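Comments concern the structure below.
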Amino acid sequence: MNMVRSMISEKKLPKKFWPEVVNWTVHVLNRSPTVAVKNKTPEKAWSGVKPSVEHFRVFGCISHVHVPNNKRTKLDDKSLSCVLLGVSEESKAYRLYDPVSQRIITSRDVVFEENKNWDWGKKYEESIVSELEWGDLEEEATMFDDNEEGNEVDPNEEGSEFESNPEASVEAAEGNFSFDSLTEESSPSSNEGRNRRPPIWMRDYETGEGISEEDNEAHLAHLAMFATIDSIHFEDAVKSEKWRKAMDLEMEAIKNNGTWELTELPKEAKKVRVKWIYKTKFNENGEVDKYKARLVAKGYTQQHGVDYTEVFAPMACMETIRLVAALAAQKGWTIYQLDVKSTFLHGELNEVVFVEQPCGYVQKGNEQKIYRLKKALYGLKQAPRAWYSRIEAYFIKEGFEKCDYEHTVFIKTSKEGKVLIVSLYVDDLIFIGNDELMFTKFKNSMKHEFDMTDLGKMRYFLGLEVLQRSDGVFISQKKYALEVPKRFGMDKSNFVNNPIVPGFKLMKDESGVKVDKTYNKQIVGSLMYLITTRPDMMFVVSLISGYMENPTKLHLQATKRVLRYLKGTTEFRIFYKKRGDDELVAYTDSDYAGDLEDKKSTSGYVFLLSSGAVSWSSRKQSVVSLSTIEAKFIAATSCACQAVWLKKVLGKLSQNQGKSTIICCDNSSAIKLSKNPVMHGRSKHIDVRFHFLRELTKVGTVELVHCGTQEQLADVMTKLLKLDVFLNLRGLLGVCSEMDIN
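Mind the numbering: the sequence shown is residues 1 to 742 in my numbering, read in order.
Set out below in structure tokens:
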């Protein structure tokens, strides 16, 4: 009790807080060395997991909690002063006390003044915050970090499910509430700067999180920009017939699937809480498709090594989707689409997990009982992996072969040479092939195994609008392209014909007028999502994304020009031509010391199939090149690595390429260097990993050939071009309007 007395005395706390002080004392002691357990803390001895202490703060100190925009007016304070009471037991967030409203708050977004105490003798007027009537809600924020080994999944591991609660939890409580952690201003903590990937199951819901700076063109479909969570709580939803019906359908699906069984909670076992979330789903025309209610588990409270182990589940990248579309166009095949209902409910669980009974569906007479899960539930850490394992086993059983280079692609080939190709993206499947009988058998088999919806011809997939015509396939994001300028107040502005002024130099502007960083990031993030179908915007979006941390009017001006360009090209899309070129052709290029700050060069490449771009990149090189030859050679190596992967995937898709994939380069010296160790004095310092290109050239996997500057498509990924050159290259990428083809 000495620690308890000391903390109460140090922070001059009222004695009524002694239970909170005791809880924090126990929390600290369990994570502190002790003579009772040699070389271990009590927490590690009990759980086997090394605990983190990075979240420790001085108990009872003054803490400033961020108030989200939707909880305040423009002139209200952005933070609320509180007293720290430790950490939440149910979510990895801080537990705080507001002396003015006398309420408990749970939040992650907190700034601490550890040397200051609350003046308990001072009389305070009722805070404006208390007028917001949050007392009937509890919104549990996302977690602070536990970076020690075993506490969470490696956020850098591809496809891993990072611990996050994209939409703050909402449930009935008495006098407890918390602030939504997903605010436009992040608190200065150890988390600052970390990009968190939203869970797979949340891809249909708006997370509000920032957009990752890497591989955005492949993964930003997670955000599903057109389907956003409705700001409605259970207490309101239960009064609406449409939402009651949606919840009934969800509970019926859970029951029919045999997801759980009612039981008693064993001693020392921990239950996972659940919540309802609601979403109005729209079709590609922006019309209401259906009202959807989803029961989700609060998986962020699960403990690694106890409640779950492996969570990795592969997902198709956008390049794969474009490859399938291009291949279908080239062969004259139709692309079909299936949707699995209540996807994650089909996954088998290997761990023992208990969840509480959901609001509105608590069984009378069994109020104290809980559910033991037999199958996965949305929100669980292991749910995506459980689902993938289930459907992978199904495909293998049905005679499909999994692509070794893209684990979400499955191929079935008959003795007669008939082929069926399936690409899986969580619960959405697209498939192509050359035998209608195989299609019918496949759909019937899927409907027998899972609860499916046959969507017919592919029209709308992961935010992509697909138009299948007799002469080819268009893919676009037209609806979203129309929304973005309007969202940022640029729908009335004049459009321009190129996204950036030729010769314009973008650099750090330390003396410039600062602009709203969040606003600028929102625009850039929206544009990043658009480059999924707009390779013509790739370079300029990559360029402006490098100045998101400290933007000025100069940077915002460049960003808004891209919006003006978008406004004039909303009808543009990629066209894959029927019977187009079936050989994969690549273009590679780089500038030289284009970055005015660090003098690094930018690599770019474009791959064409069926007369349209299927893969592209614009990325600053990791090292400073000492010559143009070196910069071009490094860019060509990056392009060759991508060519190896694309070639292998196409081979599995029954589209075997020739012996060598042609890579067009406009620098003769770089081509010579790829074949022989010439120009030793100018190339001896080049890192050995870049000489992988020479090995690929030697064995005939790729072949660098010279092309003229006017035909160098990769220029659009690396340079600011004159208008006529830009328009010509844009057309060669396959980016055009439907009218251009007509």
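For every residue, glycine included, the Cβ atom is placed at its ideal position computed from N, Cα and C. Bear in mind the structure is a predicted one, so any value in this text is a computation, not a measurement.
Spatial neighbours of residue 513 in its own chain (CB-CB distance under 7 Å, excluding positions within 5 residues in sequence) are listed in chain order as 552, 553. The segment 567-582 makes contact with the segment 595-613; the number of CB pairs closer than 8 Å reaches 3 or more. Shortest Cα-Cα distance from residue 277 to any of 271, 378, 362 involves 378. Distances from the alpha-carbon of residue 424 to those of 283, 47, 509, 406 put 406 closest. Annotated three-state conformation of residue 325 is helix, per DSSP. Residues 60 of the same chain have their beta carbon placed closer than 6 Å to that of residue 13, with the five preceding and five following residues left out of the count.
Boundaries of the alpha helix (DSSP H) around residue 731: 723-732. Non-local C-beta neighbours of residue 490 in its own chain, meaning closer than 6 Å and more than five positions away in sequence, comprise 563, ordered along the chain. Apart from sequence neighbours up to five positions away, the residues of its chain that approach residue 559 with a beta-carbon distance below 7 Å are 520, 523, 524, 544, ordered along the chain. Residue 463: not part of any beta strand (DSSP E); DSSP gives it neither H nor E. Residue state for residue 641 is assigned as helix, using DSSP reduced to three classes. Taking the Cα of residue 674 as reference, the smallest distance to any Cα among 659, 700, 657 is reached at 700. Assignment of residue 703 by DSSP, reduced to helix, strand and coil, places it in the strand class. Nearest neighbour of residue 308 by Cα position, chosen from 349, 327, 271, turns out to be 349. Looking only at 286, 260, 331, the smallest Cα-Cα distance to residue 352 is reached by 260. Look at residue 118 here: in three-state DSSP terms it is coil, with no helix or strand label.
In the three-state DSSP reduction, residue 55 falls in the coil class, being neither helix nor strand.
Contact between residue 388 and residue 314 holds, since their C-beta atoms are separated by about 7 Å, short of 8 Å. Runs of the beta strand (DSSP E) lying entirely within the segment 294-356, each at least 3 residues long, are 336-340 in chain order. Setting aside the 5 residues that flank it on each side, residue 116 is surrounded in the same chain by 61, 62, each with a C-beta closer than 7 Å to its C-beta; the list follows chain order. Contact between the segment 584-601 and the segment 713-720 is established, with three or more Cβ pairs separated by less than 8 Å.
Around the Cβ of residue 666, a 10 Å sphere holds 16 or more other Cβ atoms; the residue is buried. By the Cβ neighbour-count rule, residue 741 is exposed, with fewer than 16 other Cβ atoms within 10 Å of its own. Annotation for residue 618: 538, 539, 542, 602, 604, 717, 718 place their beta carbon closer than 7 Å to its own, counting only its chain and skipping 5 residues before and after.
Here DSSP, grouped into helix, strand and coil, assigns residue 407 to coil.
Annotation: the continuous alpha helix (DSSP H) that includes residue 442 extends over 436-449. Nearest C-alpha to residue 375 among 623, 10, 355: 355. For residue 396, the number of other beta carbons within 10 angstroms of its own is below 16, and it is reported as exposed.
Contact between residue 369 and residue 467 is absent: CB atoms are separated by about 52 Å, not below the 8 Å threshold. In this structure the segment 474-490 does not touch the segment 498-512; the number of beta carbon pairs closer than 8 Å is below three. Under the three-state reduction of DSSP output, residue 582 falls in the coil class, being neither helix nor strand. Beta-bridge annotation (DSSP): residue 263 is paired with 370. Non-local C-beta neighbours of residue 43 in its own chain, meaning closer than 7 Å and more than five positions away in sequence, comprise 30, 31, 51, ordered along the chain. The beta carbon of residue 478 lies closer than 8 Å to those of 465, 570, 571, 573 in the same chain, with the five residues before and after it left out. For residue 27, the enclosing alpha helix (DSSP H) has its first and last residue at 18-29.
Contact annotation, residue 275 with residue 246: C-beta distance approximately 15 Å; criterion of less than 8 Å not satisfied.
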